[in-house]
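Data block below; observations after.
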Amino acid sequence: METIRTSRRDFIKLSVAAGGGLVLGFNWSDTEAAGIALVPAGASDAVNFNSYLAISPNDIVTIFSPNPELGQNIKTSFPMIVAEELEADWSKVNVVQAALDTKKFERQLTGGSGAIPHSWERLRKAGATAKYLLIEAAAKRWGVSSATLVAENGRVWDKANNRSLTFGELASEASQISLPAEVKLKDRKDFKIIGKPIRNVDNQAMLSGKPLYGLDFYREGMLTAMIQRPRSFGMKVKSFDGTAAKAVPGIVDVIQFKNNVAVIGKNTWSIIKARKLLKIEYEKEAAIESTPDHDALFRKLLDAKEATVRRKDGDVDTAFSGAAKVIKREYQCPFLPHNPMEPMNFFAHVRPDGVELVGPSQTPDMARNEVAKLLGIAPDKITLELTRLGGGFGRRLKADYVVEAAELSSLVKAPVKVIWTREDDMGGGSYRPAVRYRFEAALDKDGNLIGYKLRGVGINSGNPTREHNFPSGAVDHLLIDSIEHQSPITTGAWRAPITNFLAFAEQAFLDEVAVEAKKDPVQFRLDLLDRGKKSPVGEIRYDIDRMKTVIQLAAEKAQWGKKKNVAQGFSVYFSHRSYVAQVAEVEIKGGKPAVKRIIAASDCGIVVNKSGAEQQVRGGIVDGMGHAFFGNLTFKDGAAEQLNFNSFRLIRFKEVPEIDVHFVDNGIDPTGLGEPALPPTGGAIANALFKATGKRLYNQPFNKQPDLEGVSLGRSI
Amino acid sequence: MANYQLLINGKKYQTEADPDTPLLWVLRDNLGLLGTKYGCGIAQCGACTVHLNGLAVRSCTLPVSTVGTKKVTTIEGLSADGTHPVQQAWDEVDVPQCGYCQAGQIMTAAALLAKNPKPSSQEIDTAMNGNLCRCGTYHRIQEAIVLASSKISK
Chain A
1 METIRTSRRD FIKLSVAAGG GLVLGFNWSD TEAAGIALVP AGASDAVNFN
51 SYLAISPNDI VTIFSPNPEL GQNIKTSFPM IVAEELEADW SKVNVVQAAL
101 DTKKFERQLT GGSGAIPHSW ERLRKAGATA KYLLIEAAAK RWGVSSATLV
151 AENGRVWDKA NNRSLTFGEL ASEASQISLP AEVKLKDRKD FKIIGKPIRN
201 VDNQAMLSGK PLYGLDFYRE GMLTAMIQRP RSFGMKVKSF DGTAAKAVPG
251 IVDVIQFKNN VAVIGKNTWS IIKARKLLKI EYEKEAAIES TPDHDALFRK
301 LLDAKEATVR RKDGDVDTAF SGAAKVIKRE YQCPFLPHNP MEPMNFFAHV
351 RPDGVELVGP SQTPDMARNE VAKLLGIAPD KITLELTRLG GGFGRRLKAD
401 YVVEAAELSS LVKAPVKVIW TREDDMGGGS YRPAVRYRFE AALDKDGNLI
451 GYKLRGVGIN SGNPTREHNF PSGAVDHLLI DSIEHQSPIT TGAWRAPITN
501 FLAFAEQAFL DEVAVEAKKD PVQFRLDLLD RGKKSPVGEI RYDIDRMKTV
551 IQLAAEKAQW GKKKNVAQGF SVYFSHRSYV AQVAEVEIKG GKPAVKRIIA
601 ASDCGIVVNK SGAEQQVRGG IVDGMGHAFF GNLTFKDGAA EQLNFNSFRL
651 IRFKEVPEID VHFVDNGIDP TGLGEPALPP TGGAIANALF KATGKRLYNQ
701 PFNKQPDLEG VSLGRSI
Chain B
1 MANYQLLING KKYQTEADPD TPLLWVLRDN LGLLGTKYGC GIAQCGACTV
51 HLNGLAVRSC TLPVSTVGTK KVTTIEGLSA DGTHPVQQAW DEVDVPQCGY
101 CQAGQIMTAA ALLAKNPKPS SQEIDTAMNG NLCRCGTYHR IQEAIVLASS
151 KISK
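Printed below as a string of structure tokens:
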């Protein structure tokens with residue numbers, strides 16, 4: 001297994017020129033019309049595909065992977081799917097990372113846990129088509145019926161006559177066979193690669209320090225730049241004096257564009273020092289907000305008369321006025337920066353004849369289009385080469401840092417790499433929005449949930465509710481509405497957008513409702529789901545049976561309610577097409593509660609790569625737990641108050657609990673796993689802490705809540 | 001600007017830099033050794049960890065003028081071909097997700113094991129707590145260190 005990076009044109013040229021062989025072009029996105037085609041010998045411009053499969057005469061199978069890799073392990077999982085149907089020898093599979101150089105607009109994105117669900121069938125068909133061609137070629141060569149032949153581990157076998165040919169030996173002949181109208185896909189029970197733990201194809205490069213990331217991109221003659229953006233949202237540049245900065249040796253220029261002052265130089269350290277010498281005066285352009293303003297605003301909005309109704313079933317007013325018991329609780333979360341370990345950066349070279357962009361992006365097509373718009377040129381004049389992404393978490397879905405680099409390069413007429421410091425990154429916006437929820441539940445005298453209200457208010461949050469999620473559909477009288485406050489503080493998608501906090505609030509609330517209803521929290525959820533199944537109220541957009549299955553699996557694996565001296569908390573959530581239930585376990589150590597263990601049951605359909613999937617679940621839980629406990633970005637006079645890891649706390653090595661990962665084996669096509677494990681974690685932990693201490697948590701971060709003093713974290717406590 | 005002779009990965013390098021330039025930026029900007037990563041610039045995340053005479057240090061806050069004749073080892077010099085027991089263990093356990101922090105994690109772990117080939121889980125916790133991983137690969141890092149320890153002890 002090897003991995004390299006090249007442009008599509010070069011890939012086609014190399015593959016086709018490599019002395020025959022078989023090259024198939026295909027599109028992995030289901031939004032594309034084109035299916036699969038043979039790329040003929042001599043082709044140099046068959047670029048209307050976003051993926052390719054090449055089999056060379058020396059048996060090497062090369063798969064061209066078009067999508068950004070940011071740690072979700074797609075670069076390994078995609079080729080596994082192709083190789084499975086192809087019956088390839090995995091040790092002879094290479095993966096090539098694509099640059100964005102098609103003429104055609106196409107979906108090339110990583111976000112929303114959608115990569116595998118979108119491409120599953122396309123990838124399988126590509127592999128199966130190649131296998132078909134190889135078998136037909138062998139049948140022709142031997143003069144036997146193709147029905148008597150099988151492909152196995154990189155060879156086509158005629159078992160009756162005990163002979164075989166390698167894929168490489170058949171590749172050129174296979175390229176002369178006509179494509180089949182339909183191909184038969186493998187039965188799941190025959191999978192040999194899918195479902196196995198396959199190591200990351202980039203391991204060797206990553207572990208030996210190869211320059212894979214955007215920040216590692218250097219080119220002879222390139223300039224480096226840092227940009228001073230306004231520290232406060234709502235401020236704009238009034239004037240600046242860059243004289244002192246420009247006098248620093250190694251600095252080439254200091255220029256202003258829009259609300260930015262860029263320091264451009266030849267080495268990073270000179271730029272860091274010079275930037276500190278900038279004198280910039282700002283003036284107010286919009287509202288200057290602080291965290292206490294938001295706290296007051298949230299309380300006002302929760303009581304506002306007018307709100308956008310998201311879902312309404314039955315008659316909540318009557319249900320609540322006739323209820324035996326009403327429970328009303330509020331939950332709030334702060335802004336969060338994404339903090340990928342590799343800060344934002346991008347290389348841009350704007351030349352008169354075209355633009356070259358190189359760097360890490362989750363949305364290269366969007367970035368290219370925005371740059372085209374900025375410069376007033378056609379997108380096909382722009383090439384964008386993707387590097388590996390040092391994390392994304394949603395931050396690199398935005399193209400601001402790409403556009404900025406292109407603008408700067410066009411102004412200084414030179415190749416420039418713009419790099420962000422950690423402070424730029426944390427202070428630079430596009431945060432997870434701060435949100436506050438009010439939940440209300442009405443119970444009848446038997447403890448049945450007869451009414452449910454949720455109001456979400458948020459800052460640049462869009463719709464902060466997910467109105468069709470559980471328990472919608474299982475409650476007769478329901479009202480979900482929201483209010484969004486517009487602010488100069490910028491927000492964006494943050495891993496498991498909205499649900500990263502909504503799930504905590506909802507699952508903590510339902511736990512409290514279950515206790516008030518005198519029901520076991522797990523049984524309470526199962527009863528609600530049964531109720532929704534039996535007589536659904538309005539539309540139900542989640543699969544009740546799949547949700548029940550993960551609940552039961554998590555409860556079984558955690559021995560729910562059966563363990564002595566362990567306080568357990570339950571949580572379950574459906575997001576991004578997948579279902580995850582979690583049990584958190586808290587033990588009392590030295591008189592203090594310790595978060596020791598999390599048991600997770602996930603239904604993401606078929607698990608493609610056992611190793612990668614387990615990583616996504618563990619990583620999602622660590623992420624969810626870390627930010628629930630510590631994540632806190634506050635504002636004073638429009639400026640973020642935490643700018644680096646000394647004041648913004650990320651979860652550390654010894655704080656992570658044991659995490660047991662289980663998957664539901666149901667044969668459903670894969671439904672995504674980059675995000676769904678994160679949302680349930682905060683709720684499971686809060687509910688376990690309640691069991692252990694009798695105290696409820698309503699706001700994040702947990703470590704700022706007075707009731708949480710003395711809680712310790714970690715598997716080895 | 002001053003001239004510095006540095007001994008990195010067993011090789012002599014000569015370079016010009018301001019005395020206060022952190023070793024990190026000398027490695028990356030001047031010498032093209034890009035395996036050592038920038039993450040925070042204030043010695044809080046460990047992505048920039050290198051060895052100085054065998055000890056794990058944060059190169060983002062280490063002025064080049066203080067390096068002198070001390071031996072610097074970066075991820076590129078940990079082994080010639082990625083076969084240091086820690087690198088092998090990291091591959092076998094399949095540790096990386098995005099991978100960005102892993103060079104720093106590996107350098108910290110390698111320094112720990114060089115000094116203490118059979119660390120207890122508490123000793124591993126203490127040594128690794130300064131290295132952040134935003135993807136949350138901590139469990140596998142722990143597992144890989146235990147595996148590397150068994151490889152070294154063989």
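Chains as they are written, first to last, in our numbering: chain A, 1 to 717; chain B, 1 to 154. Even for Gly, the Cβ is constructed at its ideal location relative to N, Cα and C. Fair warning: this is a prediction, and the values are worked out from it, not measured in the lab.
For T671 of chain A, three-class secondary structure by DSSP: coil
Apart from the five residues on each side of it in sequence, which residues of its chain come closer than 6 Å, Cβ to Cβ, to R546 of chain A? Y579 and D603
Tell me, please, whether the stretch 587-604 of chain A touches the stretch 103-113 of chain B by the rule of three or more beta-carbon pairs shorter than 8 Å. no
Excluding the 5 residues preceding and the 5 following T421 of chain A in the sequence, name in chain order all residues of the same chain whose CB lies nearer than 8 Å to its CB. M226, I272 and P343
Uninterrupted beta strand (DSSP E) stretches inside the stretch 438-498 of chain A (no shorter than 3 residues): 449-459 and 477-485
With three or more C-beta pairs closer than 8 Å as the rule, is the stretch 153-173 of chain A touching the stretch 206-224 of chain A? no
Would S239 of chain A and A639 of chain A qualify as a contact pair, given that the criterion is a beta-carbon distance under 8 Å? no
Please go through the same chain and pick out, in chain order, the residues whose beta-carbon is closer than 7 Å to the beta-carbon of K12 of chain B, but skip the five residues on each side of it. Q5
Member of A:G456, A:P352 and A:N339 whose CA lies at the smallest distance from the CA of E423 of chain A: A:N339
Complete runs of the alpha helix (DSSP H) confined to the stretch 495-550 of chain A [at least 4 residues]: 499-516 and 521-534
Counting only beta-carbon separations shorter than 8 Å, does M80 of chain A have a partner in chain B? no
Which residue from B:D81, B:T69, B:L33 and B:W25 puts its Cα closest to that of C40 of chain B? B:W25
For chain B, check one thing: does any of its Cβ atoms lie closer than 8 Å to the Cβ of M547 of chain A? no
CB contact flag (Y100 of chain B, M366 of chain A, <8 Å): no
Give me, in chain order, the residues of the same chain whose beta-carbon lies closer than 7 Å to that of E87 of chain A; leave out the 5 immediate sequence neighbours on both sides. K131, A151, E152 and N153
Find the nearest neighbour of S571 of chain A within the set A:V608, A:G538, A:P521 and A:Y437, judged by alpha-carbon distance. A:P521
Could you spell out the range, first to last residue, of the beta strand (DSSP E) harbouring T224 of chain A? L223 to Q228
Can you find the residues in the same chain that come closer than 7 Å, C-beta to C-beta, to L397 of chain A, ignoring five residues on each side of it along the sequence? G111, Q362, T363, G492 and A493
Pairwise C-alpha distance: A441 of chain A and E775 of chain A: With chain A covering 1 to 717 only, the question about residue 775 of chain A has no answer from this structure.
Answer with buried or exposed for D317 of chain A, where buried requires no fewer than 16 other C-beta atoms within 10 angstroms of its C-beta. exposed
Using a Cβ-Cβ distance cut-off of 8 Å, determine whether E123 of chain B contacts chain A. no
Counting only C-beta atoms, is H139 of chain B closer than 8 Å to chain A at any point? yes
According to DSSP, what are the bridge partners of V326 of chain A? A:A442
Any idea if D30 of chain A is buried or exposed, counting beta-carbon neighbours within 10 angstroms, 16 or more meaning buried? Note on D30 of chain A: pLDDT 46, under 50, position unreliable in the model; no value is reported.
Proximal residues, the stretch 54-65 of chain B versus chain A, C-beta separation under 8 Å: none
Counting contacts by CB-CB distance shorter than 8 Å, is T268 of chain A in contact with chain B? yes
The stretch 135-149 of chain B / the stretch 119-127 of chain B touching (three or more Cβ pairs under 8 Å): yes
Any C-beta of chain B under 8 Å from that of G391 of chain A: yes
Output needed for V254 of chain A: all residues of its chain with C-beta closer than 6 Å, excluding positions within five of it in sequence on either side, in chain order. G242, A245, K246 and V263
Across which residues does DSSP place H51 of chain B in a beta bridge pair? B:A56 and B:T73
Specify the secondary structure class of E2 of chain A as computed by DSSP and reduced to three states. Low per-residue confidence applies at E2 of chain A: pLDDT is 42, beneath 50, and the placement is therefore not dependable enough to give any value.
With 8 Å set as the bound, which would you pick, yes or no: does the beta-carbon of K103 of chain A sit closer than that to a beta-carbon of chain B? Any reading at K103 of chain A must be qualified, since the residue scores a pLDDT of 46, below 50, and its modelled position is unreliable; the value itself is stated next. Chain B, which has no Cβ nearer than 8 Å to the Cβ of K103 of chain A, makes this no.
Could you check how far apart the C-beta atoms of V95 of chain A and V23 of chain A are, in whole angstroms? I think they sit under 8 Å. Contact doesn't hold; Cβ gap of about 16 Å is too wide.
Suppose the cutoff is 7 Å on Cβ atoms and the five residues either side in sequence are ignored; what does the same chain contact list for I193 of chain A look like? M80, A83, E84 and W90
Cβ of I42 of chain B less than 8 Å from any chain A Cβ? yes
Skipping 5 residues on each side, what residues in its chain have a beta carbon closer than 7 Å to that of S77 of chain A? I116, V608, N609 and G612
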